[in-house]
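In this note's numbering, the protein residues as written are 4 to 492. Heads up, the beta-carbon is just placed ideally off N, CA and C, and yes, glycines get one too. All figures in this text were calculated on a predicted structure; none of them were measured in a lab. For reference, the structure discussed in these notes is given below.
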Amino acid sequence: MIDAAGCGPPGACPACQHPAARVHSRYWRHIAGLPVSGRRLIVRLRVRRFFCDQPRCPRRTFVEQVAGLTEPRRRSSTAARSAIRSVAVELGGRPGARLCAKLRLYGRRTSILGELTAPPAPARAPRILGIDEFAFRKGRTYGTVLVDVESSRPVDVLPDRETGTVAAWLQEHPGAEIICRDRLMAFTKAIEQAAPDALEVADRWHLLQNLSTAVEKTCRRHRDCLRRPAEPEAGPPLATPQTPLLDRIRQRHAEVNELAATGLPLNAIGRRLRLDRKTVRRYRNKDLVDLLASAQDRGHGVLDPFMEYVQRRFHAGCTSSMQLYREVLALGYTGGYHVVHRYVVTIRKGIAVPARSITPRPRDITSWIMRPQESLNTADVAQLDAVRIACPEIALACDLAREFTDMVRQRRGHLLRDWIQKAELSGPDAIGIFADSIRQDLHAVTAGLTLPYSSGIVEGHVNRIKTIKRQMYGRASFTLLRARILSQP
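The following block contains the structure:
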């Protein structure tokens, strides 16, 4: 504890700024300062209260303040408050209180959070503005973050991502000449309403992500070209495969769409069928063919490389499950006996899954197509060439995707119209739909493929917001979350 006393000249009245001349009284103040050598520090300060002799001033008395140490109605020094504010910005309430206790700073959870105040938004928007959404609760409620792309600092945070909210902010804060955004339609409409003269720039990463989705959908729809069943040497032809997983998917798809047709919301359907809301949405929005294809592409079982051998040996007269298990075990099989036995039973019943060659997953094929060709190894190139030979549609999708990614990486936006026309006329359906969506947002996409600006900096702030949310355990109010986002550099 340090004893001190105010001894400087009388200060000015905070209301009328007139210097004081008479002392009213003196009293002690206890100011918590920064810790010294691991010990808490308290400054016991004797201060003076002065009269304000101006008859028109609303204040009769005021207390002197020591510059750099005290502030009105504060029990912490200026330096201590600055340190506590930094802790609040980085950690929030409870984690910040735990750190303050270890650092010997006076700070409880509520007082730490009380130091968080969001700086006011500038009157004018920055010249290059970035807009993106972030999730308060993924799949349900979203907000909007606005970032100065040139300085990489957040400008403001909005409580939702509605067109009216974003348009109102842009009208109140004019000045944006270039606006970098993703492809959310709400942002597009807001910019058209409030800032029609601003140049819109579509984010290149989102364009590549949308193209990757279209390529993967094409690979899934043409999976039959890649799966060539191996015909057994003898025996009756095998029936169409019917597995419990595929039967369950067909049943659930029918039940979900039947209930959705009645107008029931997703949560109600999920409660009735005992399914998660995201699962219900997937069954409602996806075609049955895509769902079945996704289930079949979840990976190959340990017996898949040996199915053809088991079928050939079975039709040759070796029907013993144990004998077949011993033979495939010698060939490198690593699974258990029960897997071989179940498959042999399906062969006897005529419902066995036909043996097929091991083909790469659609996601792997999409990765080979979307990545730069120089980054692929020899094995990846060979497998992709085999896929292109097996399916002309995938080969066409590969050519179109590589042409588009080359435009993105080389900033050749002047070639975009020709690519759109080619994709719509001769490309696979999924690529054609992607090209049509680009045509509807042609000016922004052309700017994104021509100018150096992008939403990469904004995406970085979205990731930072996710970290802040995890630190606050999802219980923070919008006001507190906004203060932390805007307070951090």
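{"Item": "In terms of DSSP beta bridges, what is Asp6 paired with?", "Value": "Arg47"}
{"Item": "Does the beta-carbon of Trp2 have 16 or more other beta-carbons within 10 angstroms, so that it is buried, or is it exposed?", "Value": "Since the displayed the chain opens at 4 and closes at 492, residue 2 lies outside it and no answer follows."}
{"Item": "For Ala438, which residues of its own chain have a beta-carbon under 6 Å away from its beta-carbon, when the five flanking residues on both sides are left out?", "Value": "Ile423, Ala426, Glu427"}
{"Item": "Buried or exposed: where does Lys105 fall if 16 or more other Cβ atoms within 10 Å of its Cβ makes it buried?", "Value": "exposed"}
{"Item": "Using the DSSP secondary-structure output, state which residues sit across from Gly133 in a beta bridge.", "Value": "Val150, Cys183"}
{"Item": "What ranges does the beta strand (DSSP E) occupy inside the region 151-219, keeping only unbroken runs of at least 3 residues that lie completely in it?", "Value": "156-161, 181-184, 202-205"}
{"Item": "Output the distance between the C-alpha atoms of Ala242 and Ser480, rounded to the nearest integer angstrom.", "Value": "Residue placement at Ala242 is flagged as unreliable, the pLDDT there being 45, under the threshold of 50; the coordinate-derived value follows with that caveat. Each residue's alpha carbon lies about 59 Å from the other."}
{"Item": "Which parts of the region 30-110 are runs of the alpha helix (DSSP H), unbroken and 4 residues or longer, counting only runs that do not cross its ends?", "Value": "81-94, 97-106"}
{"Item": "Closer than 8 Å is the cut-off here; do at least three beta carbon pairs connect the region 323-335 with the region 365-379?", "Value": "no"}
{"Item": "Which residues in the same chain have their Cβ closer than 6 Å to the Cβ of Ala398, if we skip the five residues on either side of it in sequence?", "Value": "Arg391"}
{"Item": "Can you list, in chain order, the residues of its chain whose CB lies under 7 Å from that of Glu406, leaving out five sequence neighbours each side?", "Value": "Trp422"}
{"Item": "When you compare only the Cα positions, how much space is there between Arg414 and Pro431?", "Value": "24 Å"}
{"Item": "Evaluate His21 with the Cβ neighbour count: other Cβ atoms within 10 Å of its Cβ, from every protein chain shown; 16 or more gives buried, anything less gives exposed.", "Value": "exposed"}
{"Item": "In or out: Val313 buried (at least 16 other Cβ within 10 Å) or exposed?", "Value": "buried"}
{"Item": "Can you check DSSP and say which residues form a bridge with Val313?", "Value": "Note: Val313 sits in no beta bridge, so no partner."}
{"Item": "Tell me whether the beta-carbon of Val411 lies closer than 8 Å to the beta-carbon of Val148.", "Value": "no"}
{"Item": "Would you identify the three-state DSSP class for Ala233, choosing helix, strand or coil?", "Value": "The pLDDT assigned to Ala233 is 43, lower than 50, so where the model puts this residue is not dependable; a value taken from the coordinates is nonetheless given after this. Of the three classes helix, strand and coil, the one that applies to Ala233 here is coil, per DSSP."}
{"Item": "Less than 8 Å between the C-beta atoms of Tyr346 and Tyr328, yes or no?", "Value": "no"}
{"Item": "Pop quiz: Ser324 and Val343 are said to be a contact at Cβ under 8 Å. What is the actual Cβ separation, rounded to whole angstroms?", "Value": "6 Å"}
{"Item": "If you follow the alpha helix (DSSP H) that Ile434 is in, where does it begin and where does it stop?", "Value": "432-443"}
{"Item": "Determine, using beta carbons only, whether Thr73 and Leu48 come nearer to each other than 8 Å.", "Value": "yes"}
{"Item": "Along the chain, where does the alpha helix (DSSP H) containing Val465 start, and where does it finish?", "Value": "459-474"}
{"Item": "Alpha carbon to alpha carbon, how far is Ser154 from Ala389? Give it in angstroms, no decimals.", "Value": "48 Å"}
{"Item": "Which class does Ser28 belong to by DSSP, given the choice of helix, strand or coil?", "Value": "strand"}
{"Item": "Closest to Asp19 by CA distance: which of Arg25, Gln57, Arg43, Tyr30 is it?", "Value": "Checking the displayed sequence, the identity of residue 19 turns out to be Cys instead of Asp. For Cys19, the nearest C-alpha among the options comes from Gln57."}
{"Item": "For Thr168 and Ala205, what's the separation of their Cα atoms in angstroms?", "Value": "20 Å"}
{"Item": "List the residues that DSSP assigns as beta-bridge partners of Arg140.", "Value": "Thr144"}
{"Item": "Would you mind working out which of Thr381, Ala24, Val331, Phe317 sits nearest Val348, comparing C-alpha positions?", "Value": "Phe317"}
{"Item": "Quick one, which of Pro162, Cys60, Gln386, Val283 has its alpha-carbon nearest Leu483's?", "Value": "Pro162"}
{"Item": "Do Ile441 and Ala400 have their C-beta atoms within less than 8 Å of each other?", "Value": "no"}
{"Item": "Could you pull the start and end residues of the alpha helix (DSSP H) that Thr113 belongs to?", "Value": "112-117"}
{"Item": "Determine the direct distance from the alpha carbon of Ile488 to that of Thr221, and round the result to whole angstroms.", "Value": "40 Å"}
{"Item": "State the beta-bridge partners of Ala15 as determined by DSSP.", "Value": "Pro22"}
{"Item": "What residue range does the alpha helix (DSSP H) around Asp279 cover?", "Value": "That residue, Asp279, is in no alpha helix (DSSP H); it is neither H nor E in DSSP."}
{"Item": "Comparing C-alpha positions only, which one of Ile436, Thr453, Ile471 sits nearest to Val218?", "Value": "Ile436"}
{"Item": "Whole angstroms are fine: how far does the CA of Lys469 sit from the CA of Thr265?", "Value": "37 Å"}
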